[in-house]
Amino acid sequence: MIHSPIVSYTRIAIALVLSIAPAAIAQSAEEVLEASRQAIAEIQGFDAQFKMSGEGGSLFADTMPSMSGKLFVGTNTEFGRVIRVIGEGKDKQTEPAKPLDMLIASDRYVWVDRAEQQINEVPRGRTLRGTPSSLTFVFIDMMLDDDPYAKDTNDAQSISLGIQEEIGGVRCDQIVIKRSKAAAKSRNTSENYTDTVWWIGVDDKLPRKVDRITDAGMVKITLSFEMTNLNVGAPDAKWLDVNRPEGFKFISRMPGQEPQPAPKQPTTEEQGSIAPPRDVQPTTPRLPRAPSFAFSVGDGAEINNSSQLDRVTMLYFWGSWCAPCAQTSPLIETLATEINNPSFDVFALAIREGNPQSAKSSFQRSYPTPRVSVNPDGVTNAFKVRVFPSIVVIDRAGLIVFQRGIERDFGAEELVAAAREAVNSALSES
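Position 104 (the sequence shown) corresponds to 308 in this note's numbering; numbering is contiguous.
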């Protein structure tokens, strides 16, 4: 058989195109992280098996912490989004394993101390005496933050895309972050790391594993946190608080809190086992009061809880980088012009803007009615906003009558329509 040179060259060309195509469509490290931020913001919660381990060579083998068990991520009615951890762990390999029952919220740690028969509560992020080190090794606690990857990326010297690997049977992109040495100096030893490696699911964009690496030249220590068997979906409320056995004393070191006995209730958990903490009894819903907030708008006026008393207030959280916001913002403008009531205010709060003036000017040119504030990060954190766009409606008494973000089956039109209904209802009440 005679092979035509033209046919041969054509086959070679096709092979080259096929080999190049995957690289052409591959995402950059920054794109993977941004997609993961959006995925984390959109999910209602999940549960997963987890394990944490440390490695530092034979010299440090006995001092490495470890823990394993099950965790739940979801929304607690009192604390907002939380991470519940149940299992067992060791501060050092030479010590016996201890049962773990811990809760991490955006502003606090809560854990059960069975030996002392206490339920403890302390501010998150503060290394107070007696706080278990295991709380600081739950490296996915970044999912509670407004920007989940800010702690790693803000002081990064480089962010690069590594090779794809499977973690627990899930294909993952690998993101390698090199941090500056100055950023690695912290009083919290779990944050004294120089490099971070994230493994993020290719399909669902959710993190599966993270390595915190401290490379001091002669000594290299790696702390790993890995999740497997991850099931997306809001966990039952009974899994989103620690077990509170009858007779245990509740000790809080949160500002303004006093120690008090824990509420009496039967315990269903044997030490070290995983079981529902208690039945959740239905209660009459109460409207939450708006948290303390303050921000400035274009004319220099300060907007806060006091300025908005006896007024109905809508807070629209958006960003110029947010694709769904492009569909939502015109609807907000229409709502603001159609609800022509002197007791109603609409504020458009732009979040994570790299060029604040450009974002503000562009928005005001297209949508002149809402008053704009750029990068009021404290307000975002106060209202625990994690999905963009999101809308909060506050009534005349300072109570939150509506708070929701866009969802997969709840688009811009549905979101604004629901917010409009809440506004009209609040305005109708004298």
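Every residue, glycine too, gets a C-beta built ideally from N, C-alpha and C.
- Message: What would DSSP say about Cys526, mapped onto helix, strand or coil?
- Response: coil
- Work out the CA separation of Arg556 and Asn579 for me, nearest whole Å. 6 angstroms
- Which runs of the beta strand (DSSP E) spanning at least 3 residues fall entirely within the stretch 404 to 430, listed in chain order? 411 to 419
- Environment of Ile367 [buried if 16+ CB atoms lie within 10 Å]: exposed
- Item | Spatial distance of Val236 from Pro336 (CA atoms) | 33 angstroms
- Which of helix, strand or coil DSSP assigns to Thr279: strand
- Query: Which term fits Asp581, buried or exposed, when burial requires 16 or more other beta carbons within 10 angstroms of its beta carbon?
  - Reply: exposed
- For Gly291, which beta-bridge partners are listed by DSSP? Gly273 and Leu304
- For the putative contact between Pro593 and Pro528, defined by C-beta atoms under 8 angstroms, what is the C-beta separation to the nearest angstrom? 6 angstroms
- Query: Is Phe497 closer than 8 angstroms to Ala552 when the C-beta atoms are compared?
  - Reply: no
- Query: How is Phe548 classed by DSSP in three states: helix, strand or coil?
  - Reply: strand
- Any idea if Arg493 is buried or exposed, counting beta-carbon neighbours within 10 angstroms, 16 or more meaning buried? exposed
- Give me the Cβ distance between Leu410 and Ile244, rounded to the nearest whole Å; I'm assuming they're in contact under 8 angstroms. 7 angstroms
- Apply the 10 Å Cβ neighbour rule to Leu304 and answer buried if 16 or more other Cβ atoms are within range, or exposed otherwise. buried
- Entirely within the stretch 335 to 382 and at least 3 residues each: give me those beta strand (DSSP E) ranges in chain order. 360 to 365 and 369 to 371
- Query: Can you check whether the CB of Val620 is closer than 8 angstroms to the CB of Leu535?
  - Reply: yes
- Item | Option nearest Arg624 by Cα separation, candidates Asp514, Phe548 and Trp315 | Phe548
- Glu259 - partner residues in DSSP beta bridges: Thr426
- Message: Assess contact between the stretch 424 to 431 and the stretch 445 to 461, defined as three or more Cβ pairs (one per stretch) separated by less than 8 angstroms. Is contact present?
- Response: no
- Query: So, using beta-carbon positions, are Ile247 and Val436 closer together than 8 angstroms?
  - Reply: yes
- Length of the line joining the Cα atoms of Gly523 and Ala554: 5 angstroms
- Task: From the DSSP output, in three-state form, read off Gly615 for me.
- Result: coil
- Query: In its own chain, which residues sit with a C-beta less than 7 angstroms from the C-beta of Ala233, not counting the 5 before and 5 after it?
  - Reply: Ile363, Ser364, Leu365 and Ile379
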